[in-house]
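Trainee:
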Amino acid sequence: MNIVLLGPPGAGKGPQAKVLSKEFNASHISTGDMLRDAVKKRTPVGKLAKSYMDTGELVPDNIVIGIVTERISQEDMRRGFLLDGFPRNEKQARELDEALRKTGKKVDIVLYFKTSPEISVKRLSGRRVCTGCGANFHVKNMPPKNESSCDYCKGRLIQRDDDKAETVKRRLVIYEKETASLIDYYKKKGTLREVSGDLNVEELFEEIKRLFAKESLRGAT
Ligand code: AMP
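Per the working numbering: the sequence shown = residues 37 to 257.
#1: Is D73 near ligand 1 - that is, is its Cβ less than 7 Å away from at least one heavy atom of it?
#2: Checking the sheet assignment: what are the DSSP bridge partners for I145?
#3: Would you mind working out which of G140, R115, V95 sits nearest F122, comparing C-alpha positions?
#4: Using three-state DSSP, classify S63 as helix, strand or coil.
#5: Beta carbon of G50, beta carbon of D120: below 8 Å?
#6: Using 10 angstroms around the beta-carbon of A201, count the other beta-carbons present and answer buried if the total reaches 16, otherwise exposed.
#7: Please classify Y148 as buried or exposed, where buried requires at least 16 other C-beta atoms within 10 Å of its C-beta.
#8: In this structure, how does DSSP classify S232 when only helix, strand and coil are distinguished?
#9: Between the C-alpha atoms of D73 and K86, what's the straight-line distance to the nearest angstrom?
#10: Answer yes if the region 60 to 68 comes into contact with the region 164 to 177, meaning at least three C-beta pairs across the two stretches below 8 Å, and no otherwise.
#11: With hydrogens ignored, establish whether the beta-carbon of G48 is closer than 7 Å to any heavy atom of ligand 1.
#12: Taking the C-alpha atoms as reference points, what is the distance between K158 and A171?
#13: Alpha carbon to alpha carbon, how far is F241 from S217? Give it in angstroms, no decimals.
#14: Since R207 contacts P45 with CB under 8 Å, what's their CB separation in whole angstroms?
#15: So, are the CB atoms of I145 and T167 less than 8 Å apart?
#16: For F248, write down the residues that DSSP places opposite it in a beta bridge.
#17: Would you call the CB atoms of T261 and N125 closer than 8 Å?
#18: Go through its chain and collect everything with a Cβ distance to A135's Cβ below 7 Å, but skip five positions before and after it.
#19: Note the first and the last residue of the continuous beta strand (DSSP E) segment covering D120.
#20: Residue ranges of each beta strand (DSSP E) run of no fewer than 3 residues wholly in the region 170 to 223, ordered along the chain?
#21: Secondary structure at K150, three-state DSSP: helix, strand or coil?
Below you can see the structure in the form of structure tokens.
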């Protein structure tokens, strides 16, 4: 099954993608993670993307579309994928449809994580990320054992630059301006399913499993 996770920054798409990819044995593709990796490795794409990411703006379409189309052409995509953070606007959505069509695939379902702005902001501002292994923590919801080091690899925990208050505000504005229209785009295609991004990871996982069970009974997926 090929799934797109749609929703504002801080909706919990990343943590949910991790549990869903295990449950459905699907590949998790996060454009944010891929871009952060490119920035860390100082590749040409990373150097270009950095200034956009630091200010919460979208990285230009041609770069992101290039990364994703390359990724979805790889062998492990056969077992299905979970796209997290892509598409972010209609151009990206159309290009994704086209790239999938060429390989005989399609987006089967779009999970829209409807999330209140207060919850998004709280999640983002409390998030801490390990500089070593990339694990995510939250100062309140999922505190690390030691405030400044990772439970798994003892790497240093930091706040992402784009999780700082001003950039979070900008990311939410960009979401409304660029990405929210995708709700209608996928509604028209009949693939959109709304779930509550306000729930915690476990509760939402259960909601999604119930949704999928209902859908397969109806033979809709
Ligand atoms: P995320 O981790 O998904 O919140 O993404 C972090 C940042 O990476 C975003 O604020 C953008 O600057 C960039 N980014 C991630 N995915 C995309 C995308 N599909 N299109 C453009 N920029 C993106």
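Virtual Cβ for every residue (Gly too), placed ideally from N, Cα, C.
In this text, all values refer to a predicted model and were calculated from it rather than measured experimentally.
Mentor: Let's see:
#1: Position 37 of the sequence shown, counted from the first residue, corresponds to residue 73. No - ligand 1 has no heavy atom lying nearer than 7 Å to the Cβ of D73.
#2: Position 109 of the sequence shown, counted from the start, is the residue given in the question as residue 145. DSSP, once it has assigned bridges, lists I39 as partnering I145.
#3: Residue numbering aside, residue 122 sits at position 86 when the sequence shown is read from its first letter. The residue with the shortest Cα to Cα distance from F122 is V95.
#4: Position 27 of the sequence shown, counted from the first residue, corresponds to residue 63. In the three-state scheme derived from DSSP, where H, G and I count as helix and E and B as strand, S63 is classed as strand.
#5: Start at 1 with the first residue of the sequence shown, and residue 50 comes out as number 14. Start at 1 with the first residue of the sequence shown, and residue 120 comes out as number 84. Yes, the Cβ-Cβ distance between G50 and D120 is below 8 Å.
#6: On the sequence shown, residue 201 is found 165 positions in, with the first residue counted as 1. With fewer than 16 other Cβ atoms inside 10 Å of its own Cβ, A201 counts as exposed.
#7: Start at 1 with the first residue of the sequence shown, and residue 148 comes out as number 112. Result: buried.
#8: Position 196 of the sequence shown, counted from the start, is the residue given in the question as residue 232. S232: strand per DSSP, three-state reduction.
#9: As a first step, residue 73 is located in the sequence shown; it is residue number 37 there, counting from the start. As a first step, residue 86 is located in the sequence shown; it is residue number 50 there, counting from the start. Distance between the alpha carbons of D73 and K86 is about 11 Å.
#10: By the Cβ rule, the region 164 to 177 does not count as touching the region 60 to 68, because fewer than three pairs are nearer than 8 Å.
#11: The sequence position of residue 48 within the sequence shown is 12, counting from 1. Not under cutoff, so the answer is no.
#12: The residue labelled residue 158 in the question sits at position 122 within the sequence shown. The residue labelled residue 171 in the question sits at position 135 within the sequence shown. Looking at the two C-alpha atoms, the distance is approximately 18 Å.
#13: Numbered from its first residue, the sequence shown carries residue 217 at position 181. Numbered from its first residue, the sequence shown carries residue 241 at position 205. So the two alpha carbons sit approximately 25 Å from each other.
#14: For the purposes of this step, residue 207 is identified with residue 171 of the sequence shown, where counting begins at 1. For the purposes of this step, residue 45 is identified with residue 9 of the sequence shown, where counting begins at 1. Confirmed, Cβ separation roughly 5 Å.
#15: Mapped onto the sequence shown, residue 145 falls at position 109. Mapped onto the sequence shown, residue 167 falls at position 131. No, they are not a contact pair.
#16: Your numbering for residue 248 matches position 212 in the sequence shown. The partner list for F248 (beta bridge, DSSP) is empty, contrary to what the question assumes.
#17: With the chain covering only 37 through 257, there is no way to say anything about residue 261.
#18: As a working note, residue 135 is residue 99 in the sequence shown. Excluding residues within five positions, the ones whose Cβ falls inside 7 Å are T105, I108.
#19: As a first step, residue 120 is located in the sequence shown; it is residue number 84 there, counting from the start. That run of the beta strand (DSSP E) goes 117 to 120.
#20: 172 to 174
#21: Position 114 of the sequence shown, counted from the start, is the residue given in the question as residue 150. Strand, per DSSP.
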